[in-house]
Amino acid sequence: MLNSSKVVGLPLSRIDGPLKVTGRAKYAAEHFGPGMLQGYVLFSTIATGRIAEIDTSEAERFPGVVKVYTHENRPPAAKKDEQWKDEVAVPGHPFRPLENDRVLYDGQPIALVVADSFEAARDATSIIRVRYEAGEPHTDLKREQDNSYVPPVPRDKQMAPPPPRGNPEGAFAQAPHQISATYSLEGEYHNPMELFGTTVIFGQDGELTIYDKSQGSQNSHDTVCKIFGLDPEKVVAHNEFVGGAFGSGLRPKYQLFFAVMASLDMKRSVKVEMSRREMFYLTWRPTSIQNLSLAADAEGRLQSVMHHAMHATSQYEDYQENVANWSGLLYKCDNVKITYEITKLDVSTPGDMRAPGAATGVTALETAMDELAYEVGLDPVELRIRNFIHRDQNQDKEITSKALHACYREGAARFGWSERVMQPRSMRDGNDLVGWGMATGVWEAQLSPAEARVRLSSDGKVVVSAAASDIGTGTYTILGQIGADAFDLPLHAVSVKIGQSTLPKTAVQGGSWTAASSGSAVQVASRMVIATLLRHAQKMENSPLAKATEEQVEVADGRLVLEANHQVGVAISDIMDAAGVTFIEENGKVEPDPSIQKKFSAYTHSGVFVEVKVDEELCRPRVTRVVIAVAAGKILNPKTARSQILGGVVMGLGMALYEEGLADHRIGRIMNPNIAEYHVPAHADVEDIEVIFIEEDDDKASPIGVKGLGEIGIVGVAAAVSNAIFHATGSRIRSFPITLDKILADNLLESETVQ
Amino acid sequence: MRQFSYSRAETVSDAVAALASNPEAQLLAGGTNLVDLMKYNVTRPGAIVDINRLPLKEIEDLPNGGLRIGALASNSAVAYDPRVQERYPLLSSAVLAGASAQLRNAATTGGNILQRTRCYYFYDPSTPCNKREPGSGCGAIGGVNRIQAILGASDKCIAVHPSDMCVALAALDAVVEVEGPDGKRDIPFTEFHRLPGDRPESDNTMARGEMVTAIRLEGNHFASHYTYLKLRDRLSYAFALVSVAAAMEVSSDGAIVDLRVALGGVAHKPWRDKLAEAEFAGQPANEETFRQVARRLLAGAKGQGENDFKIPLAERSIIRALKQAASGRPQDQSVKAIQ
Numbered sequence: 001m002l003n004s005s006k007v008v009g010l011p012l013s014r015i016d017g018p019l020k021v022t023g024r025a026k027y028a029a030e031h032f033g034p035g036m037l038q039g040y041v042l043f044s045t046i047a048t049g050r051i052a053e054i055d056t057s058e059a060e061r062f063p064g065v066v067k068v069y070t071h072e073n074r075p076p077a078a079k080k081d082e083q084w085k086d087e088v089a090v091p092g093h094p095f096r097p098l099e100n101d102r103v104l105y106d107g108q109p110i111a112l113v114v115a116d117s118f119e120a121a122r123d124a125t126s127i128i129r130v131r132y133e134a135g136e137p138h139t140d141l142k143r144e145q146d147n148s149y150v151p152p153v154p155r156d157k158q159m160a161p162p163p164p165r166g167n168p169e170g171a172f173a174q175a176p177h178q179i180s181a182t183y184s185l186e187g188e189y190h191n192p193m194e195l196f197g198t199t200v201i202f203g204q205d206g207e208l209t210i211y212d213k214s215q216g217s218q219n220s221h222d223t224v225c226k227i228f229g230l231d232p233e234k235v236v237a238h239n240e241f242v243g244g245a246f247g248s249g250l251r252p253k254y255q256l257f258f259a260v261m262a263s264l265d266m267k268r269s270v271k272v273e274m275s276r277r278e279m280f281y282l283t284w285r286p287t288s289i290q291n292l293s294l295a296a297d298a299e300g301r302l303q304s305v306m307h308h309a310m311h312a313t314s315q316y317e318d319y320q321e322n323v324a325n326w327s328g329l330l331y332k333c334d335n336v337k338i339t340y341e342i343t344k345l346d347v348s349t350p351g352d353m354r355a356p357g358a359a360t361g362v363t364a365l366e367t368a369m370d371e372l373a374y375e376v377g378l379d380p381v382e383l384r385i386r387n388f389i390h391r392d393q394n395q396d397k398e399i400t401s402k403a404l405h406a407c408y409r410e411g412a413a414r415f416g417w418s419e420r421v422m423q424p425r426s427m428r429d430g431n432d433l434v435g436w437g438m439a440t441g442v443w444e445a446q447l448s449p450a451e452a453r454v455r456l457s458s459d460g461k462v463v464v465s466a467a468a469s470d471i472g473t474g475t476y477t478i479l480g481q482i483g484a485d486a487f488d489l490p491l492h493a494v495s496v497k498i499g500q501s502t503l504p505k506t507a508v509q510g511g512s513w514t515a516a517s518s519g520s521a522v523q524v525a526s527r528m529v530i531a532t533l534l535r536h537a538q539k540m541e542n543s544p545l546a547k548a549t550e551e552q553v554e555v556a557d558g559r560l561v562l563e564a565n566h567q568v569g570v571a572i573s574d575i576m577d578a579a580g581v582t583f584i585e586e587n588g589k590v591e592p593d594p595s596i597q598k599k600f601s602a603y604t605h606s607g608v609f610v611e612v613k614v615d616e617e618l619c620r621p622r623v624t625r626v627v628i629a630v631a632a633g634k635i636l637n638p639k640t641a642r643s644q645i646l647g648g649v650v651m652g653l654g655m656a657l658y659e660e661g662l663a664d665h666r667i668g669r670i671m672n673p674n675i676a677e678y679h680v681p682a683h684a685d686v687e688d689i690e691v692i693f694i695e696e697d698d699d700k701a702s703p704i705g706v707k708g709l710g711e712i713g714i715v716g717v718a719a720a721v722s723n724a725i726f727h728a729t730g731s732r733i734r735s736f737p738i739t740l741d742k743i744l745a746d747n748l749l750e751s752e753t754v755q
Numbered sequence: 001m002r003q004f005s006y007s008r009a010e011t012v013s014d015a016v017a018a019l020a021s022n023p024e025a026q027l028l029a030g031g032t033n034l035v036d037l038m039k040y041n042v043t044r045p046g047a048i049v050d051i052n053r054l055p056l057k058e059i060e061d062l063p064n065g066g067l068r069i070g071a072l073a074s075n076s077a078v079a080y081d082p083r084v085q086e087r088y089p090l091l092s093s094a095v096l097a098g099a100s101a102q103l104r105n106a107a108t109t110g111g112n113i114l115q116r117t118r119c120y121y122f123y124d125p126s127t128p129c130n131k132r133e134p135g136s137g138c139g140a141i142g143g144v145n146r147i148q149a150i151l152g153a154s155d156k157c158i159a160v161h162p163s164d165m166c167v168a169l170a171a172l173d174a175v176v177e178v179e180g181p182d183g184k185r186d187i188p189f190t191e192f193h194r195l196p197g198d199r200p201e202s203d204n205t206m207a208r209g210e211m212v213t214a215i216r217l218e219g220n221h222f223a224s225h226y227t228y229l230k231l232r233d234r235l236s237y238a239f240a241l242v243s244v245a246a247a248m249e250v251s252s253d254g255a256i257v258d259l260r261v262a263l264g265g266v267a268h269k270p271w272r273d274k275l276a277e278a279e280f281a282g283q284p285a286n287e288e289t290f291r292q293v294a295r296r297l298l299a300g301a302k303g304q305g306e307n308d309f310k311i312p313l314a315e316r317s318i319i320r321a322l323k324q325a326a327s328g329r330p331q332d333q334s335v336k337a338i339q
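If you read the sequences in order, they're chains A and B. At position 129 of the first sequence (counting the first as 1) the number is 129 in full-length UniProt numbering, and the numbers step up by one without a gap. At position 272 of the second sequence (counting the first as 1) the number is 272 in full-length UniProt numbering, and the numbers step up by one without a gap.
See below:
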């Protein structure tokens, strides 16, 4: 655990903030090399089939064009799937750009034009002539759902559903209260502000300096080294600044491949940047269909939970996420059956998008729980409290901490939940029907192996470094805070170096694990530096710390002192002088502790409370208020933490009401591939959001007691909105996003029935 | 995007001459729509004639109490002009219901009325679109058609006109002033945009080489009973699913004297039916009348499947808008609740 907390726990602004708001923070596509060329990608306009002919002759003659690459002239690259698999790869055959004439999805890159300007490259792509032999596309999940299957190779152990327990069918049949329904979510598409881009600077001796938009510089580095058989020592990958990623940058994207391929082939510096449209051809949250059956006894205690989840994947990879397991975990129930399947479509491989799986599955579960609350006639919060369990029944383990009760209590109090009238359509404000809904959120608190280096100089300054990433989360700041407290320094005395593949090994930034993992590694490395300081100090003549142990000392006010008595100690500068060194540097490492993992599982939780107003006649919904109470262990920085949760909630509003790739299944294409027509919440759609943190003392989730906050903010939000819409209107909409036409259709049906 | 030549017109006749002499030339004003279309390869002009220096930014008083709005007056300038706010609050309201503050600052009056449809198929050159490429077919029919027309569509095109401002201008019987190689002429606003028919490639009735120079508004009696009501998928920065510009004159005994209803988001042009409007003169300005108005206006409405909901939505929106107008409590665009 973190012992002293002078800087940790303060709501500090980001230390990288000034660089970002003054434009000095350089993003991947903002780097330049001498004589740099620019690439632009051409996409397939069919979703399945083959390229019969591709004529690039006109494009090649276009002024400024240096070279056009297609499957007919692509330089060689790795032959085996294994060599194409990145750190976050899923089972299957990784996509290899320009490998052959096959087209596997609409928007597949089929040519790269490299020119001396971006404009020339872009213009020339439009005069490449392609003749296809097109097949009939299969992109409609509803139509293809009979072809769903259990993934033969699970993405990782945790994602396979737990074995069934009890007698879920029998218990369901006998229970006095039952609900059973189907929930569908449309595909969602990543649209971080920064587009994917890669700049490759070709060095004099052929070494490559790569600036890649990614969530892990080492993943980019290792992947291109494997694909192109490069000497890892001669390649450095950077991602110092990332303009949002949310999971989209976990796996390297094809622009990295293209930029490196062209750079190696031409021995020139090359940049390839994606267009906004390309964001709709990669790493999307897959369309899903889920069936949920819940049954409860007369008091609302769950008797049976059956959750079947199914979502889309590509023809070439079995993308998987943990959609349904939460249903066997979140509430106490002895009769549970969870099944999970995927369906191949002619689409690009879906990928992780903020709280992958949970955002989808918990939306269905928590809407179903609301339906059950009405079926039983219980307040939705009370129903959840009655089914509370402090044990992970899926894995039969203890839970490290679960302050979910407090989330419900504090969230409900701040929201004013006790004023709620249970009956739908019972609250109004002018022309609006008012609805209050709530849901639970849950996400894993994970620790991933991480290393960090800490250097303490004789002038008392500290440098913390690791190949960690800051995708907008605040990594720079929180690692600096931990370093500052370890050496009793103000935050500005600590420099943080991250985002470079040469730095100590760190996993990609995902899964909400960075703060817990890299933060703990910094803490470990700091303690190692202090231990080394102590050893040096003990070699000094008449050392006052001669008998002290590592556990007994700390740094205070530039001195190494006894924790119990700060009067006893030696100045750091004196210790280093005596030892003849100007700095001390140590590498620290953390990894999950198997003895803890065997007994415990760790999760973050939330209670989300939402108010909606829906115009009674025109059926237009808007979210007017959100209160979210989050239990996620220790909060390192309430300001960056709050921002994480705000962002998650806003993304949840997108899932609830707005975000939807509109597919034309005749051609297998998303027809609204831009952020004018693919709607995310605009400022006007986001009103009051109040974030409450319920701190938990948890020394098992991670060494520093942190659980992570990247994903928990989105989980449950869409369900809370849909539950609020039901409360407002009496319409239970089970297909997301809930656009006004869906409420209107239900309202029309209702009026017809009444007549 | 195709590479292009760039020139700047210093006078209207320069611009007209440049347009007339080069079929590949297009005028650039605010650029908020044209540049997007160029990036998507929907429009591939060989020459761009920048008209931003033309003296067409003014909003002038006319002797009859009307206003002439220069084609280069920005949407923001129009919306916040005190004379527009006082005499044509419907226009101001409609402009503020559209786009975003940044876009309104850049977009011009002429550009707004000449903006192209946001039909997804029009924007995607790899799909058929009779508007983009005459004779290629219509991708939207049988495709993603949630945003498409319910009135006045043809079997060649079901696109809608995206403007909010134009819906108000149609209701206000504005006049479009154009200038071309053969001189100046006026086009009544309701005759400016076209229905798609067999020639969806033509959005409007301007001749080749003509450019919009101004919008003219006559004096009117609608400043107290009007509203612009816009229904869209989010509260800002989204095109209308359905919008209603309503204006009326009501007699002291509560009867309709003059009624104007224009609809946005439902047709290839701002939809007005003057004959239908005239039928309701003398009728009481109440909900029952408004329901009849709505049904009359939507009598020929036809959905494409995904957009069937627009018919009942339009009906309810018209009724609500007319209630707002009749009561003298127009929709305030800064209020999120539908009033």
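In this text, a Cβ means the ideal position worked out from N, Cα and C, and glycines have one as well.
Rounding to the nearest angstrom, what Cα-Cα distance links residue i and residue j in this structure?
i	j	result
Gly166(A)	Asn747(A)	40 Å
Leu740(A)	Asp212(A)	40 Å
Leu90(B)	Lys20(A)	42 Å
Arg129(A)	Pro312(B)	45 Å
Asn335(A)	Leu534(A)	56 Å
Glu240(A)	Phe32(A)	15 Å
Just list the residues that DSSP pairs residue i with in beta bridges.
i	result
Ile689(A)	Val626(A)
Ile311(B)	BP columns for Ile311(B) are empty, so no partner.
Glu249(B)	Asp258(B)
Ser606(A)	Gly441(A) and Val630(A)
Closer than 7 Å by C-beta to residue i: which residues in its own chain qualify, once you throw out the five before and the five after it? Chain order, please.
i	result
Val706(A)	Ala515, Ala516, Gly519, Gly633, Lys634 and Leu636
residue 763(A)	Residue 763(A) cannot be examined here, being either before or after the span of chain A that is shown, 1 to 755.
What residues in its chain sit with their C-beta under 8 Å from that of residue i, if we drop five residues either side in the sequence?
i	result
His221(A)	Ile210, Pro232, Val235, Val236, Ala237 and Ser501
Pro490(A)	Val7 and Ala484
I'd like to know if residue i contacts chain B, where contact means its C-beta is closer than 8 Å to some C-beta of that chain.
i	result
Asn191(A)	no
Tyr211(A)	no
His93(A)	no
Asn73(A)	no
Asp432(A)	yes
Pro681(A)	yes
Ala684(A)	yes
Ala111(A)	no
Using a Cβ-Cβ cut-off of 8 Å, state whether residue i counts as contacting chain A.
i	result
Lys131(B)	no
Lys317(B)	What sits at residue 317(B) in the sequence shown is Ser, not Lys. Yes, because at least one Cβ of chain A sits closer than 8 Å to the Cβ of Ser317(B).
Phe122(B)	no
Gln3(B)	yes
Give every residue of the same chain whose Cβ lies closer than 6 Å to the Cβ of residue i, excluding the five residues on either side of it in the sequence, and list them in chain order.
i	result
Met38(B)	Met1
Val153(A)	Pro91
(request) Could you say if the segment 169 to 189 of chain B and the segment 208 to 221 of chain B meet the contact criterion of at least three C-beta pairs nearer than 8 Å? (result) yes
(message) Check whether the segment 347 to 366 of chain A and the segment 445 to 460 of chain A touch, using three or more Cβ-Cβ pairs below 8 Å as the test.
(response) no
(message) Could you check whether the segment 291 to 300 of chain A touches the segment 127 to 145 of chain A, counting it as contact only if at least three pairs of C-beta atoms, one from each stretch, sit closer than 8 Å?
(response) no
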